[in-house]
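A.B. asks: Dropping the structure in here first, questions after.
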Amino acid sequence: MDFITIEYIYLIYCVHRKGMNFFFNCSSCNTNFNFQESYCKYCIANINNTFLTFNLWYHRITADQTRVFDLIENVTEKRQQNIQLKKSIECHLESNKALLDREAKIGLIIGKRAQLARLREQCDVMKREINDGNELIESRKKYLSARRSQLKKNKAIFENSDKSECTQLPERIERLRLDLTDNRLRLELKRKQNVDIITNYILPIMRSATEPDNLVIVNIVVNDKKLQKYPKDIVSATLGYVVKLTEMISLMLGIPLPHKMKFVGSKSTIQQNIDVGKQPLPLYFNNKTKTRDYQKAFTIYTTLDAEEYKEDWEFIDFLPPQPDQTEDIEQLERILRSDNLT
1 MDFITIEYIY LIYCVHRKGM NFFFNCSSCN TNFNFQESYC KYCIANINNT FLTFNLWYHR
61 ITADQTRVFD LIENVTEKRQ QNIQLKKSIE CHLESNKALL DREAKIGLII GKRAQLARLR
121 EQCDVMKREI NDGNELIESR KKYLSARRSQ LKKNKAIFEN SDKSECTQLP ERIERLRLDL
181 TDNRLRLELK RKQNVDIITN YILPIMRSAT EPDNLVIVNI VVNDKKLQKY PKDIVSATLG
241 YVVKLTEMIS LMLGIPLPHK MKFVGSKSTI QQNIDVGKQP LPLYFNNKTK TRDYQKAFTI
301 YTTLDAEEYK EDWEFIDFLP PQPDQTEDIE QLERILRSDN LT
């Protein structure tokens, strides 16, 4: 409580005193007042207000102290209750500790038993695998023993047998090799003769004597300026038979051609291997044929120089011709030598 509050309380006490009717000056406002009233009216009103404020403040403090005391008592009671609950829980845990330990041990035993069962199953599986492996080893031992016995018997038979056959093997091999070489030479000679007959007698293809850049096929000069003097159907038929003959020679000798040709009589076609998928070029000329395609087909075909191929064919290991191919060649020879194509 500060000094001003004490002074106001003292002034309130003085105001309530009686029997003083003389006047004094008010110590607060320095005005005259009746001593019986102790203070002037204005100061008495201030003193009364201060007294009321003090009473309110005092009652509030008292109420707050009472509330604090109640809270302290509640906290103390709660602490006592918590202590009692803690003691009861500890007693309960002490009483159930043995039961909890027993349940934990039972769970551990169950887990160990399950683990032991799994280990037993694994042991059984390993035993079966070991037994199977032992049986396999025993069977292999028996097989190896029988194999050794058989090898010993074969060795004894080989040592006791006549060795004359072994000494004769090199001679037989050499004789067969010589026969094979002789047959191969005769076969190559026959192939060369067939190629010579085809390229020189059946259908001679040679260079022009007057113009070496041109080729002569069945008395028709290809790429000559006077090519137009020959009938178109004869030129187309001649080129068709040349295509057929070239395919047969290529098939008989096993030589791949640089161009793909198709024999369709007097309407044969040719196509470069790099142009697979495109329309083949015609080796014939009619109203529907483009002059550019016809000239391009001639340009491609004239690169097939039979004489140059013939020089290379002499050093190639030919395959033997099939019987049906030989019959076709003979038939073609009869057709080309007929009077209708001269």
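Quick note, the sequence shown lines up with residues 1 to 342 if you use UniProt numbering. Built from N, CA and C at the ideal position, the CB exists for glycine as well. Every value quoted in this text rests on a predicted model; they were computed, and no experiment measured them.
Answer with buried or exposed for P320, where buried requires no fewer than 16 other C-beta atoms within 10 angstroms of its C-beta.
C.D. replies: For the purposes of this step, residue 320 is taken as the residue at position 320 of the sequence shown. Its pLDDT being 39, under 50, P320 is placed unreliably in this model, and the value from its coordinates should be taken loosely. Exposed.
A.B. asks: Would a C-beta distance cut-off of 8 Å place S236 and Y284 closer than the cut-off?
C.D. replies: Indexing the sequence shown from 1 puts residue 236 at position 236. Indexing the sequence shown from 1 puts residue 284 at position 284. Cβ distance < 8 Å, so S236 and Y284 count as in contact.
A.B. asks: Hey, out of I197, P280 and S139, whose CA is closest to L245's CA?
C.D. replies: Your numbering for residue 245 matches position 245 in the sequence shown. Answer by Cα proximity: I197.
A.B. asks: According to DSSP, is Q279 part of a helix, a strand, or is it coil?
C.D. replies: Taking the sequence shown and counting its residues from 1, one reaches residue 279 at position 279. Looking at Q279 - three-state DSSP - the assignment turns out to be coil, as it is neither helix nor strand.
A.B. asks: From what residue to what residue does the beta strand (DSSP E) around I270 run?
C.D. replies: As a first step, residue 270 is located in the sequence shown; it is residue number 270 there, counting from the start. Element bounds for I270: T269 to Q272.
A.B. asks: List the DSSP bridge partners of M261.
C.D. replies: One-based indexing of the sequence shown puts residue 261 at position 261. Looking at the DSSP assignment, M261 forms a beta bridge with I270.
A.B. asks: Measure the Cβ-Cβ separation of residue 347 and P282 and say whether it is below 8 Å.
C.D. replies: Absent from the model: residue 347. The displayed extent of the chain is 1 to 342, so no value can be given.
A.B. asks: Just how far apart, CA to CA, sit E247 and I270?
C.D. replies: Taking the sequence shown and counting its residues from 1, the one referred to as residue 247 is at position 247. Taking the sequence shown and counting its residues from 1, the one referred to as residue 270 is at position 270. Answer to the nearest angstrom: the Cα atoms are 11 Å apart.
A.B. asks: Taking the beta carbon of T66 as the centre, do at least 16 other beta carbons fall within 10 Å, making it buried, or is it exposed?
C.D. replies: On the sequence shown, residue 66 is found 66 positions in, with the first residue counted as 1. Its Cβ having fewer than 16 others within 10 Å, T66 is exposed.
A.B. asks: Checking the sheet assignment: what are the DSSP bridge partners for M126?
C.D. replies: Counted from its first residue, the sequence shown places residue 126 at position 126. DSSP output for M126 lists no bridge partner at all.
A.B. asks: For K278, tell me which candidate among K260, N287 and S266 has the shortest Cα-Cα distance.
C.D. replies: Looking up residue 278 in the sequence shown gives position 278. Ranking K260, N287 and S266 by Cα distance to K278 puts K260 first.
A.B. asks: Looking at the structure shown, is V75 part of a helix, part of a strand, or coil, going by DSSP?
C.D. replies: Here residue 75 corresponds to residue number 75 of the sequence shown, with the count starting at 1. Helix, per DSSP.
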